[in-house]
Amino acid sequence: MTALPLYIWQQTVVILTSPNISSVKEPRYLVRLGADVDKANDKGWSALYLAAAAGHVRVSIILLSSQQAELAKANIIHWTEFHTAAERGDLDAMKDQVSQGIELDKAGSFGWTALHIAASNGHLDMTKYLLSQGADVNSSNDFGRCALHSASEKGNLDVVEYLIREGADMNKGNNSGVTALHFASESGHLDIVKSLISHGVEADNCDVDGITALQYAIYASHIDITKYLLSQGSELNKRSVHDSVVLTSDGQYGHYDVVRCMQIGVCRADSRLVDSLTVFRGAPESDLGRSKYQDGDENKTGQGGMVIVRVQTMSSDLDIQDILASQGGRTVDRTSLQYAVEGGCLAVVRYLISEGADVNESNNVGWTALHFAAQKGCLDIVDYLLGQGAEVAKGDIDDISPLHVAAFVGHCDVTDHLLRRGAEVNGATKEKGSTALHVGVQNGHLDIAKGLLTHGADIDATDNDGWTPLHIAAQNGHIDVVKCILQQLADVSKVTKKGSSALHLSAANGHTDVTRYLLEHGAEVNLIKPDQTALPLAAKQDQVHGTSPDTRCAEGQKHLSSPNGRADTKGLTEDEKKVVRHHVKEGYTAVHLATHNGYASIIETLVSRGADLNIQSIDGQTCLHEAIRLLGREDSKVEATPALQKISEVFYQNELSPRKALVFYLLDNGAKPDIKDNQGNLPVHYATDEITRQMIFSRYPAMDIIRADRDKYHCEGIFDHNGGELQIPSYGFTLSIPPGALQEGSSETISLDVIKDIPPEITLRHDETLLTYGFQCLPSGLQFVSEKPVTLKIPHCANLIDPTKVQVVLYFWNHGKAV
Numbered sequence: 004m005t006a007l008p009l010y011i012w013q014q015t016v017v018i019l020t021s022p023n024i025s026s027v028k029e030p031r032y033l034v035r036l037g038a039d040v041d042k043a044n045d046k047g048w049s050a051l052y053l054a055a056a057a058g059h060v061r062v063s064i065i066l067l068s069s070q071q072a073e074l075a076k077a078n079i080i081h082w083t084e085f086h087t088a089a090e091r092g093d094l095d096a097m098k099d100q101v102s103q104g105i106e107l108d109k110a111g112s113f114g115w116t117a118l119h120i121a122a123s124n125g126h127l128d129m130t131k132y133l134l135s136q137g138a139d140v141n142s143s144n145d146f147g148r149c150a151l152h153s154a155s156e157k158g159n160l161d162v163v164e165y166l167i168r169e170g171a172d173m174n175k176g177n178n179s180g181v182t183a184l185h186f187a188s189e190s191g192h193l194d195i196v197k198s199l200i201s202h203g204v205e206a207d208n209c210d211v212d213g214i215t216a217l218q219y220a221i222y223a224s225h226i227d228i229t230k231y232l233l234s235q236g237s238e239l240n241k242r243s244v245h246d247s248v249v250l251t252s253d254g255q256y257g258h259y260d261v262v263r264c265m266q267i268g269v270c271r272a273d274s275r276l277v278d279s280l281t282v283f284r285g286a287p288e289s290d291l292g293r294s295k296y297q298d299g300d301e302n303k304t305g306q307g308g309m310v311i312v313r314v315q316t317m318s319s320d321l322d323i324q325d326i327l328a329s330q331g332g333r334t335v336d337r338t339s340l341q342y343a344v345e346g347g348c349l350a351v352v353r354y355l356i357s358e359g360a361d362v363n364e365s366n367n368v369g370w371t372a373l374h375f376a377a378q379k380g381c382l383d384i385v386d387y388l389l390g391q392g393a394e395v396a397k398g399d400i401d402d403i404s405p406l407h408v409a410a411f412v413g414h415c416d417v418t419d420h421l422l423r424r425g426a427e428v429n430g431a432t433k434e435k436g437s438t439a440l441h442v443g444v445q446n447g448h449l450d451i452a453k454g455l456l457t458h459g460a461d462i463d464a465t466d467n468d469g470w471t472p473l474h475i476a477a478q479n480g481h482i483d484v485v486k487c488i489l490q491q492l493a494d495v496s497k498v499t500k501k502g503s504s505a506l507h508l509s510a511a512n513g514h515t516d517v518t519r520y521l522l523e524h525g526a527e528v529n530l531i532k533p534d535q536t537a538l539p540l541a542a543k544q545d546q547v548h549g550t551s552p553d554t555r556c557a558e559g560q561k562h563l564s565s566p567n568g569r570a571d572t573k574g575l576t577e578d579e580k581k582v583v584r585h586h587v588k589e590g591y592t593a594v595h596l597a598t599h600n601g602y603a604s605i606i607e608t609l610v611s612r613g614a615d616l617n618i619q620s621i622d623g624q625t626c627l628h629e630a631i632r633l634l635g636r637e638d639s640k641v642e643a644t645p646a647l648q649k650i651s652e653v654f655y656q657n658e659l660s661p662r663k664a665l666v667f668y669l670l671d672n673g674a675k676p677d678i679k680d681n682q683g684n685l686p687v688h689y690a691t692d693e694i695t696r697q698m699i700f701s702r703y704p705a706m707d708i709i710r711a712d713r714d715k716y717h718c719e720g721i722f723d724h725n726g727g728e729l730q731i732p733s734y735g736f737t738l739s740i741p742p743g744a745l746q747e748g749s750s751e752t753i754s755l756d757v758i759k760d761i762p763p764e765i766t767l768r769h770d771e772t773l774l775t776y777g778f779q780c781l782p783s784g785l786q787f788v789s790e791k792p793v794t795l796k797i798p799h800c801a802n803l804i805d806p807t808k809v810q811v812v813l814y815f816w817n818h819g820k821a822v
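The sequence shown finishes on residue 822 if you use my numbering, and the numbering steps up by one all the way, no holes.
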């Protein structure tokens, strides 16, 4: 059988993936079944590691005894007979160890002492004996946990009271500031809570994130402890102030800890399921298919700049704080009522409101209790909050409403209820202008989309970037949502402010079914970027070159291309120049985008619908240029469709790669090899090897194409502060000018020529042989910034009898003088 990974839950074992075995078994039984005791999670933690970290001596030893356990991983185990006696409650064995001189506070794995283990397992007699022999009542393990913490969490009242009498520090926190009162409150042990309070513990002590024991009890839905702590003066409206997004509680390990660092889907801890939430601006639209609305499971980027980071544990094995900080995220605090809503217990919510909790109080990003209820999908709590005066349309600091949240997460019943209670179906967020329909379709929530449309959602609503719900659904490949929207007569021809149509977005991301459906419902197969991009700026110029980047070729619109392929920004404002530079690579059709990403099935679908393979983008390149350039990209992949496989099989004995077969597929379907781009290059000029060139010539043996390839020895371009490259692919010459090599504000026309004949200024010696052609770079005397060296790649080769006796010499000449 396949070995199964194990993870520790209390003193049993959880199987991550097993279709035939129940999820919780005795570890010895699972080891016999062949479970993999060394299988690690994403943090590198195995079952053996987690058992030791949690102080589970018996489980650790069972796992360690397995022949599978690697010696290197066994080195984390430091249990002695003294520790095992403490766990099983064998006082006689413990006394025997003490008589032999064992160190009372000897630390086992991760700093667990015998006192920690005895207190955790409720062994009062053993606890008394250890303390009578001088054990340290306040000693901590590696995570700051002491004996009082473990006894309080486990509900061992007699042990708790004895430890207090022996001087245990009742206000001592672990490494995360969690005290015995926090442990007892979260675990639901009212008797221990009362005992601690009666001995003088402050009811409102906070952990390092500012979370009180009351908020722990509220989130865990322990209404009896909630009532008691409030009666003892706990502040109802005290806010937590997080230094981090995740509500950490006991480092990374321990009974309280181990379960909470497991991946989503291992098991769902009953206490404190944390859905940390932050708000920041979404990612920008890109040219070639990077998703504006990322469609992930763990970190879901919502329209309107809304991000919900779903952390299903108290201690996550994701470093959420770093993730959010890297994206400009803001952490979120909570009120007690909001904790109660997240806990999902209506009785606790009712009680807090009856005690005066403000139903419309907002946290630091403007979220109310209704936002959290909408996120959790608790319809009963949503209904109760609305009955208590919660404002259904109240948005946060970005006008994200509870309706946005419910639609984003996918709670259809909550969405419908909010709409029936007066939520604004077309309300838009402030920063991005997103409606509930935008965020609902992002993650493929078909029922949400249908419900919103039934209540009058604007099907063609555009956000501040010009995105409609159809754009988002097409981008993310949600075919059912696309069908629903188009059946409701959404405008398939709408484009974003950067000129992307739904067809562009689906083709660029490889969604064949969506692409086909869009074409069946009127999407324009040959649409290039419309005039919202560079076209308004082009009107200021008087250049016409090649085909338009911003409308169909037949319209003959002007654009900013120059013969060297670089946008002419002369006479434009700085803002206009930024737009031109940003869009210099635009002007793609759907077939350009699909070719760039190697989506052969998309290309075939577009061709079957009449896609024009010879439309040029803003840099003058066709999809054939793009396909041949793929051959030189090591990271490029092309989908191996049956059509491409047939080309390889019929014509090339199955030896043709999908990338090369794509080139011939395009040629067979009308792609012209004689169209030059703005640098004057034919598609064949981008071929990086002679084999590819010969195969292209075999399909199109016209002498003018072959001659054009062979005679290609000159290139030039206009360069500014941003730098760039000049290439003569046929000879392998590449001149690379880095950004900053030319002075800011300068503009230079630079040319590169192949020199086939030895110039008269140079005389070769009798023992010198020519290895490569020369080159000429103009203008002469061009000055570059010294810290930004310009490089020229010159390929050369020779068959040498004795390479050690050969010296490669490079001749330079300038103004008629050799150097």
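Glycine residues also receive a C-beta, built at the ideal position from the N, C-alpha and C atoms. Keep in mind it's a predicted model, so treat the numbers as computed, not measured.
When the Cα atoms are used, what is the spatial distance from residue i to residue j?
i, j, result
"LEU803", "LYS796", "22 Å"
"ALA150", "SER639", "58 Å"
"ASP227", "THR465", "50 Å"
"MET129", "ASP401", "58 Å"
"VAL162", "GLY480", "58 Å"
"HIS688", "VAL653", "26 Å"
"VAL809", "ALA690", "32 Å"
"LEU530", "ASN617", "13 Å"
"GLU189", "ALA88", "29 Å"
"TYR387", "SER198", "34 Å"
"LEU7", "PHE146", "Summary for LEU7: the model assigns pLDDT 37, below 50, so the residue's position carries little reliability, and this model does not support an answer."
"LEU596", "LEU647", "18 Å"
"TYR222", "GLN445", "30 Å"
"HIS717", "TRP816", "19 Å"
"VAL312", "PHE375", "For VAL312, the predicted structure reports a pLDDT of 33, less than 50, and the residue's modelled location is therefore unreliable. The matter cannot be settled from this model."
"LEU33", "ASP212", "Confidence at LEU33 is low in this model, with a pLDDT of 42, below 50, so the placement of that residue should be treated as unreliable; the coordinate-derived value is given next. Computed Cα separation, rounded: 39 Å."
"HIS904", "ILE488", "A query on residue 904 cannot be resolved here, the shown segment of the chain reaching from 4 to 822 and no further."
"CYS626", "ASP692", "19 Å"
"ALA460", "CYS348", "32 Å"
"ARG424", "GLU394", "10 Å"
"ASP108", "THR116", "6 Å"
"LEU118", "GLU345", "36 Å"
Taking only three categories from DSSP, how would you classify residue i?
i, result
"CYS149", "coil"
"LYS796", "strand"
"CYS626", "helix"
"CYS780", "strand"
"ILE400", "coil"
"ASP468", "coil"
"ILE631", "helix"
"LEU160", "helix"
"ASP756", "strand"
"VAL498", "strand"
"SER504", "strand"
Between the beta-carbon of residue i and the beta-carbon of residue j, is there less than 9 Å?
i, j, result
"GLY601", "VAL666", "no"
"ALA593", "THR515", "no"
"PHE186", "HIS152", "yes"
"VAL484", "ALA526", "no"
"ILE606", "LEU669", "yes"
"ASN124", "GLY92", "yes"
"LEU355", "SER339", "yes"
"ASP450", "THR499", "no"
Inset, instruction - Mind listing, in chain order, the continuous alpha helix (DSSP H) runs of no fewer than 4 residues lying wholly within the segment 183–226? - result: Correct list: 183–190, 193–201, 216–222.
Legend entry - Cβ pair count under 8 Å reaching 3, the segment 786–793 against the segment 753–762: No contact exists between the segment 786–793 and the segment 753–762.
Inset, instruction - Return the chain-ordered ranges of every beta strand (DSSP E) run that is complete within the segment 663–751 and spans a minimum of 3 residues. - result: 717–722, 727–731, 736–740
Inset, instruction - Would you check if the segment 740–748 and the segment 713–728 touch, i.e. whether three or more CB-CB distances between them fall below 8 Å? - result: yes
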